[in-house]
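Okay, so the sequence shown: first residue is 245 according to my numbering, each after it adds one.
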Amino acid sequence: GHSRSPRRGDARTLARRSRSPHGMNRNDERSRHSRDHWDRRDDKGRHGNSSRKKQKSPSSSSDEIDDIEIEEDEDEEKVIERQRQQRQELLKRLGIENQVESSGFSSPVPSRGSGTHTPDSVNIDDMASEINENSEDATDFEAAILAKRQMMVQEGNNETDTGQEKKKQLDMFSEDMFSENYSSPNSVQKISSRAQENPNLTDNWDDAEGYYRVRIGEVLDTRYTVYGYTGQGVFSNVVRARDMARGNQDVAVKIIRNNEVMHRTGLKELEMLRRLNDADPDDKFHCLRLFRHFFHKQHLCLVFEPLSMNLREVLKKYGKDVGLHIKAVRSYSQQLFFALKLLKRCNILHADIKPDNILVNETKLVLKLCDFGSASHVAENDITPYLVSRFYRAPEIVLGLGYDFGIDMWSVGCTLYELYTGKIMFPGKSNNQMLKFCMDLKGKFPNRLIRKGTFKDQHFDANCNFLYHEVDKVTEREKVVVMTNINQTRDLSSELIGRQRLPEDQVKKVGQLKDLLEKTLMLDPAKRISINHALAHPFIHDKI
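Laid out in C-alpha cells, this is it:
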C-alpha cells in the first residue's frame, strides 16, 4: 500500500508520523504550558522581523562567495587552476581537511547559547549572508526555461515545424496539458463536495475526516481573514489569509486535522520549527519561518510566511519533462545545502525532502524548505523501512541500517536530478525496486553494509546476492530473480544532457552537476559528500 505517487503533496504513512510517542506526549504538555508565552513573544519579535524582511529585495543566491572577473582571452588552464585554489581556500575557511566527513553521531553540534563555534559556522554564516544580500544575477526564471526548451533537439527530424513550435511555447504555460491525476493546489473539489454531506453526522465545522471546513472571508483568531485555499495534505489544509493585526500582511495558515495523531504531529512540527527559527534569527538558512500558532475550534493552527508555489508545481508549470535551467538548479542546490547546514546544526533530520516540500517566493529566486511534520531529533531515529517518501528514500533506510543526516543529503540529490531533468531519479514501485534502481546507477552494495541491515533478508540471500522481486511478463505473477552481480547501466551524463544542444559553458556546468550527484548519491552513507564539501563543490562555487 505504499505505492503512492509523490504528486499527492503531503501524502505520507500515518504510522511513520507517530514515530516517538513518548517524545510527542511530552511535547504536548510542554507546548500547552508555553503556548501563551510563545504567542506573546512572537508578536513582539517575529512579526516585526518578517515585515522588515519583506521590503528587502528578493535574494537570488546566485552570486558567488568570491566573484572572479575572467579576462576574455585568459588561458582556460589558468582559470581552472585559480578556481581550484579558491575552492581550496574556501575549504580551509570552512575548516575542512580534504577527507570525507564521517557521518557518525560522535560530534554533537554545540548548543547555540554556549558561545563555542565550530570552525566552520562563522564562515558559513558569512557565506549565507553574502549570498542572500546580493541579487545581481536575477535571470528571468521563465525566460531561462524557455531557452532550455529551445535547445532541445526535436525527436525524429531536425526540421522544426514552426507551427508546432508556437504551440509548444503556448502549452508551456497552459494547465490542461498536465491534467493527468495531479490535483492542483487550488483544487476546489473539497469545497463542492460539502454540499452532499449530511451536516447532522459531523460537527458543523469539521468534515468527516477531521479537516476544518474553512470559508472564504472567515476570520481566524480574531485577526486572520481567509481569502484563499492553497491545498490539502494528509495532515492539514492550508489557507491564505491577511493578518489584520499586522497591516493586512499576507500569511499562510496551516490548519491541522482534528484527531490525536495529526495533533501530535502538528505539535512536533511546531517544536522543530521553533528550534530551527531560533537558531537562525536572521533568516539566512532557507527553512520556512513560523510566525506563531493558535487553536481554533480544537484545531492547532500554524501561521507561516506566505510562499507562492512548491517545486513540484514549478516543475509541472514550467519544466514539464524538460526540467529547469542549470542556473536555477545551481541556485536552488546552494540554498538547499544551507538548509541542511541549519538542520545539522540543530541535530534535526527533516526526513521528507522532495520537490513538494520546498517552497519558492514569487520571483522563484528564493527557496524555503518546509513541512517538518516528519522531522525528528537525530538520536531518536527508529529503524523503519517507510521513512521518507519512497522515491527520495535513502538505501540505508530500506536496508534497515542506522541512519543520520545522510538521508537528507540523499533526498536532496534525488531532488536536484529531478529539478534539472523533470524526471524522477529512482521511480521505484517498492522498496525492493528502489534498491535495484540505486544499484543500476551505483553498482552492487558492499557486503559489509548488506550484512548489517535489519531488513536484509527481504532483499538479499545469505551470500549477499540481490533478490529482485519482478513481475513475470507472461504469467503476470511476482517472481524472485537471484542476481549475483548488478551492472551499472545508467549513464548520468547522457541523462542530464538528454536532447539538449548545449553551449560549452553549460556542458561544463552539467558535468559538475553530474559529479555532485554522484557524490550525494553514494550508497554508503559514510562516503556521501558532507554539507561543507557540497557547498564548496565546483557546481556551486564556480560562476556560470
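Using N, Cα and C, we set each Cβ at its ideal position, and we do this for glycine too.
Pairing MET506 with TYR455, the inter-Cα distance amounts to about 10 angstroms. Rounded to the nearest angstrom, the gap between the Cα atoms of MET727 and PHE635 is 22 angstroms. Shown here, SER674 sits in coil according to DSSP, grouped into three states, outside any helix or strand.
With respect to the 8 angstroms criterion, ILE460 and TYR468 are not classified as neighbours on the basis of their beta carbons. Comparing C-alpha distances from LEU693 to each of LEU685, GLU386, PHE710 and ALA372 shows the shortest one belongs to PHE710.
Around the CB of ALA623, fewer than 16 other CB atoms lie within 10 Å, so the residue is classed as exposed. When beta bridges are read from the DSSP output, LEU546 appears opposite LYS498 and HIS537. For VAL470, the enclosing beta strand (DSSP E) begins and ends at 468 to 476. Counting along the chain, the unbroken alpha helix (DSSP H) around GLU640 starts and ends at 639 to 643.
Where LYS561 is concerned, there is no enclosing beta strand (DSSP E), although the alpha helix (DSSP H) around it starts and stops at 555 to 562. Taking C-beta separations shorter than 7 angstroms and ignoring five residues to either side along the sequence, the partners of THR474 in its chain run PRO429, VAL482, VAL483, ARG484 and ALA496, following chain order.
LYS528 and GLU504 have their C-alpha atoms roughly 34 angstroms apart. Less than 8 angstroms divides the Cβ of GLY657 from the Cβ of LEU765. Per DSSP, reduced to three states, the secondary structure at VAL463 is strand. ARG486 sits in a strand when the DSSP states are folded into three classes.
For MET395 against LEU611, the beta-carbon gap comes to about 24 angstroms, at or over 8 angstroms, which does not count as contact. In this structure, LEU551 places its C-beta atom within 8 angstroms of the C-beta atom of ASN605. Here the region 668 to 686 does not lie against the region 572 to 587, with fewer than 3 beta-carbon pairs under 8 angstroms apart. The secondary-structure analysis by DSSP pairs LYS723 across a beta bridge with GLU714. Nearest neighbour of PHE649 by Cα position, chosen from CYS708, LYS588, ALA388 and MET371, turns out to be LYS588. Beta-carbon to beta-carbon, ASP786 and GLN327 are separated by about 5 angstroms, close enough to satisfy the 8 angstroms threshold. With distances taken between CA atoms, ASN554 lies nearest to LEU663 out of HIS543, LEU663 and ARG457. For LYS588, there is no enclosing beta strand (DSSP E); the enclosing alpha helix (DSSP H) covers residues 570 to 589. With a beta-carbon spacing of about 20 angstroms, LEU609 and ILE597 fall beyond the 8 angstroms limit used to define contacts. For LYS753, the enclosing alpha helix (DSSP H) covers residues 748 to 764. Take the alpha-carbon of LEU514 and the one of VAL725: they are about 46 angstroms apart. Under a 10 Å Cβ-count criterion, ASN707 is classified as exposed, with fewer than 16 other Cβ atoms of the shown protein chains found around its own Cβ.
Annotation: the continuous beta strand (DSSP E) that includes LYS612 extends over 611 to 613. Taking the C-beta atoms as reference points, SER618 is found no nearer than 8 angstroms to ALA638.
Per DSSP, the beta-bridge partners of PHE704 are PHE710. Going by beta carbons, ASN502 and GLN542 fall inside the 8 angstroms limit.
DSSP places ILE784 outside any beta strand (DSSP E); the residue lies instead in the alpha helix (DSSP H), whose first and last residues are 782 to 785.
Straight-line measurement puts the Cα of MET653 at about 25 angstroms from the Cα of LEU511. The DSSP-derived three-state label of MET396 is strand. Under the DSSP definition of a beta bridge, SER620 partners with LEU593.
Within the same chain, no Cβ atom closer than 8 angstroms to the Cβ of GLU321 is found once the five residues on either side in sequence are excluded.
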